[in-house]
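Residue numbers (the numbering used here): 5 to 988.
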């Protein structure tokens, strides 16, 4: 028993403050004095804490003490991260912990330390339990442990490996591999957390599909299998159960990649993110090839980052009317060609590593199964994402023909480029026996009750889970529950009956909420996407007949609502109804909207309209659309940036409102939504689809879509796309007639941006037809309109087209166009120019010979492009200038050396050429400044200025890049173009 000063008992608040003040004064006086030696008691407290992830310092006990005395507060103050008088739990700093662990006497001491402080971690998960098990001679089994438990085991092993004399620990690498595998399987095990019932026939079909033999590398791939069915039917659960069935077999199964596109880091529009995710998952499944797969995953992420930059560049070109019709559409084609090429090369390398890894693991003949979950976003007609994904899978198949792709989404939607048919597996309701088993697994223990519920509810898994919940809350009154459910009818009424049953079950669950006020909030609150205490008070209370006078009243009701298992957290002090339940009930409310729910939504509109920011505006727009307001009036409330807060909201809306939202957000829409769209919204949605088809070279399919819903509105984007499509089909005369008619139909003062786009397109078509006079006339008119409207960047786009027109032999264009373009470049502020860097670089590159100052101004505003060819172009120009005037060599070299700076590594070899020096300058971030200084060098030949201009023009769209495919003859009857094969 200790008799030291700690016997005075736990320190109170006043004593603690005095202790901290004393320590602070001592530290301030200490200055540069060396730290004092660690005292025996100080070391003892360090040892007591070294095997605890976190601890309460007032309750930390030494092995020889009968009870804690609180001295650890002072003794460990400097040793802990974030320690302080108001901190509940402390944690030793890493250095202190590792030194202390290495200084322990042995495993016996470590065990005593843990046992005497077991009260610090009793009943709580953490590394302490795992460490105590290891020290007691019972190291934990790594099999089938959760990722959290394995993370605790790994931490315990890392700690104990520092303690002298500890043996029998699992290997650190072995624990890490088990942890990586558990994290890989965690999303799948989460999906089958509740017992998986039925689906035997579907599992057999999945086994048969993945077991199909594949041909050689030259054969066609096996088409993807699309699993589809109503929401809540268990598509994702079925695929998870299938993968786990292979994983949990004792015999070697097959490698797989599970890709859920609901994860923020994955995008169906960026196949390189899928490649990166697949490579990372394969690294876990084949530890011997971990490094190779990880390197490929990192490379794929870099490719994804580069593609995002390219896409942003493309988006900027589409924002301006004067660049959209020519530069933008050409760049769209370039982007898809180059992106697909990068992705297919990369995925072949992944496939090559996988083939080697599988051969080494005795799985040479096994399939590689890719599961794409939440794929609905890409399933629309003509989706370039689908085309790119299928190009990736075709490339993979060329290396490993046993690739099998499983898709969870809507029913297969054909892609115009598809030659291999998709297979489909539609999930029907569970059979009666499986339904009964599911009810029992959800807590319905009475077999007869389970049978009656299955008979009335049917085999929809979500309905059965609601039924089980309703039965549990009903208790002895289950007979009354059965009586309220309708008897099953013919299949024709199946969907109506399912919605009715789900609504009745949800109402029964709400009926058994004990608190009357909370019960009155729960049902009307379904129409809200988020609930906060403020929303309870300002939006819900009055319509629900509640008196909520203070924020405290609102907080109490909010806290009671948060206890329901029908809601889940949505952020700090925010709730939302569970998405599966809310989706059901919103469909029912859509059938029979009550005055109560409409009043809640009207108050929600008022609540959010009074608040600023895109998130509040998004909620206001959402509720206006749900109230059935005219999309054209709602459009007036639109703000840039609201679309990201409205992702996925279309499923809560009518087809008319969903079409408006998809059109404004730049998203695609299924045919059901497009059929209910207003004409203006349908035209926007169809325009996106046609743009995508043209970017993929599928002009015939674009022409087929353009036959629908005519006549179009005068300002429709489809007029320009119709002319573009006709030109791609080799019908230029018809294209020129179509664009001329569209321009004529636009009244003065209407949609000037659309008129500018049409004029630029007309000029391009005329130029390609050799009619330079008509081209110049159209461009002059476009310039005049842009200038009159004060659209400076649009005017630059029109002038750039005119200056390029005058480059042609015999062109009659205005000789002053390049001068006006240069003046506009010089007078616009940097902030305006920075919004369109590609256009500004192209314009500066075009006029540099006439006005070098415009080139310098543009260079200062937007810098050089990120193109890898920039150092090569500049280097060649510098060499030509020095060859013309050798006396410049010293001046130029001084500038180059200054920009390159010192070597990053002392042992790095010096650069051997001007180009290498320029690459070093780019690495240091000084290349733009160097280019501006080079423009001031009097080289006499103009080579340096020409080189800077050429470098600026490297990312100029439409110059020396792949163009759209040559015009194809118009088909007599429309058939989908079959350039490549395509997925669902």
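Every residue gets a Cβ at the ideal spot worked out from N, C-alpha and C, and that includes glycine.
**OP:** With DSSP as the reference, label residue 173 as helix, strand or coil.
**Re:** Residue state, collapsed to three classes: coil.
Subject >> alpha helix (DSSP H) segment containing residue 402, residue limits >> reply: Looking at the DSSP string, the run of the alpha helix (DSSP H) that includes residue 402 is 388-403.
Subject >> Continuous alpha helix (DSSP H) stretch holding residue 612: start and end >> reply: In this chain, the alpha helix (DSSP H) harbouring residue 612 covers 599-613.
**OP:** Look up residue 553 in the DSSP assignment and say whether it is helix, strand or coil.
**Re:** Residue 553 falls in the coil class under three-state DSSP.
Subject >> Reference residue 97, options 529, 55, 462 and 364, closest by Cα >> reply: When each option's Cα is compared against that of residue 97, the closest is 55.
Original post:
Apart from the five residues just before and just after residue 120, which ones in its own chain have a Cβ nearer than 6 Å to its Cβ?
Top reply: Answer for residue 120: 65 and 67, listed in chain order.
**OP:** Quick one: residues in its chain with C-beta nearer than 7 Å to the C-beta of residue 716, no 5 flanking neighbours on either side, listed in chain order?
**Re:** So the list reads 687, 722 and 723, once near-sequence residues are dropped.
Subject >> Residue closest to residue 580, alpha-carbon to alpha-carbon, out of 365, 526 and 600 >> reply: Measuring C-alpha to C-alpha distances from residue 580 to each of 365, 526 and 600 identifies 526 as the nearest.
Original post:
When we look at the beta-carbon of residue 601 and count the other beta-carbons within 10 Å, is it buried (16 or more) or exposed?
Top reply: By the beta-carbon neighbour count (other beta carbons within 10 angstroms, threshold 16), residue 601 is buried.
**OP:** Would you mind working out which of 916, 930, 313 and 890 sits nearest residue 904, comparing C-alpha positions?
**Re:** The shortest C-alpha separation from residue 904 is found at 930.
Original post:
From this set, 77, 227 and 59, which residue's C-alpha is nearest residue 46's C-alpha?
Top reply: Of the candidates 77, 227 and 59, the one whose C-alpha sits nearest the C-alpha of residue 46 is 77.
Original post:
Quick one: what's residue 419 bridged to in DSSP?
Top reply: According to DSSP, which records beta bridges pairwise, residue 419 is partnered with nothing at all.
Subject >> Local Cβ density within 10 Å of residue 247, reported as buried at 16 or more and exposed below that >> reply: Residue 247 is buried by the Cβ-count criterion.
Original post:
Residues bridged to residue 535 by DSSP?
Top reply: Partner(s): 579.
Original post:
Is the beta carbon of residue 258 less than 9 Å from the beta carbon of residue 214?
Top reply: The answer is yes: Cβ separation under 9 Å.
Subject >> Between the CA atoms of residue 320 and residue 1020 - distance to the nearest angstrom >> reply: Since the first residue shown for the chain is 5 and the last is 988, residue 1020 is missing from the structure and cannot be characterised.
**OP:** Have a look at residue 122 and residue 184 and give me their C-alpha separation to the nearest angstrom.
**Re:** Annotation: residue 122 to residue 184 spans about 29 Å, alpha carbon to alpha carbon.
Original post:
Under the DSSP definition of a beta bridge, which residues are partnered with residue 427?
Top reply: Beta-bridge partners of residue 427 (DSSP): 229.
Original post:
For the putative contact between residue 848 and residue 953, defined by C-beta atoms under 8 Å, what is the C-beta separation to the nearest angstrom?
Top reply: With 8 Å as the limit, residue 848 and residue 953 qualify as a contact, their Cβ atoms being about 7 Å apart.
Subject >> Candidates 524, 534, 532 and 797, of which the one nearest residue 546 by Cα >> reply: Of the candidates 524, 534, 532 and 797, the one whose C-alpha sits nearest the C-alpha of residue 546 is 524.
**OP:** To the nearest angstrom, report how far apart residue 711 and residue 694 are at their CA atoms.
**Re:** Rounded to the nearest angstrom, the two C-alpha atoms are 12 Å apart.
**OP:** Note the first and the last residue of the continuous alpha helix (DSSP H) segment covering residue 295.
**Re:** Here the alpha helix (DSSP H) through residue 295 covers 294-323.
Original post:
Taking the alpha-carbon positions, what's the residue 132 to residue 174 distance?
Top reply: Residue 132 and residue 174 have their alpha carbons spaced roughly 16 Å apart.
Subject >> Contained alpha helix (DSSP H) runs [length at least 4] in the stretch 797-858, N- to C-terminal order >> reply: Uninterrupted alpha helix (DSSP H) stretches at least 4 residues long and entirely within the stretch 797-858 occur at 821-831, 834-837 and 841-851, given in chain order.
Original post:
Taking Cβ to Cβ, would you say residue 2 is nearer than 9 Å to residue 949?
Top reply: Residue numbering for the chain in the displayed model covers 5 to 988; residue 2 lies beyond these limits and cannot be assessed.
Subject >> Cα-Cα separation between residue 571 and residue 466, rounded to whole angstroms >> reply: Cα-Cα distance, rounded: 16 Å.
Original post:
At what residue ranges does the stretch 47-97 contain a whole run of the alpha helix (DSSP H), taking only runs of 4 or more?
Top reply: Complete alpha helix (DSSP H) runs here, min 4: 76-79.
Original post:
With a Cβ-Cβ cutoff of 9 Å, do residue 657 and residue 622 count as a contact?
Top reply: Cβ atoms of residue 657 and residue 622: not closer than 9 Å.
Original post:
Are residue 468 and residue 457 close, meaning C-beta to C-beta below 9 Å?
Top reply: Annotated as proximal: residue 468 and residue 457, with beta-carbon spacing under 9 Å.
Original post:
What is the C-beta distance between residue 412 and residue 378, in whole angstroms, given that I count them as a contact (C-beta under 8 Å)?
Top reply: With a Cβ gap of about 7 Å, residue 412 and residue 378 count as contacting.
Original post:
Going by alpha carbons, who is nearest to residue 227 out of 419, 449 and 766?
Top reply: Closest option to residue 227, Cα to Cα, is 419.
Original post:
Pick from 295, 92, 169 and 331: whose alpha carbon is nearest that of residue 767?
Top reply: Nearest of 295, 92, 169 and 331 to residue 767, Cα basis: 331.
**OP:** Indicate the three-state DSSP secondary structure (helix, strand or coil) for residue 694 in the structure shown.
**Re:** Here residue 694 sits in helix by DSSP.
Original post:
Which value, in whole angstroms, describes the spacing of the CA atoms of residue 188 and residue 288?
Top reply: Rounded to the nearest angstrom, the gap between the Cα atoms of residue 188 and residue 288 is 8 Å.
**OP:** Select from 440, 211 and 112 the residue whose C-alpha is nearest the C-alpha of residue 167.
**Re:** Comparing alpha carbon positions, the residue from 440, 211 and 112 closest to residue 167 is 112.
Subject >> Reduced DSSP category for residue 659 - H, G, I as helix; E, B as strand; rest coil >> reply: Judged by DSSP in its simplified three-state form, residue 659 adopts helix.
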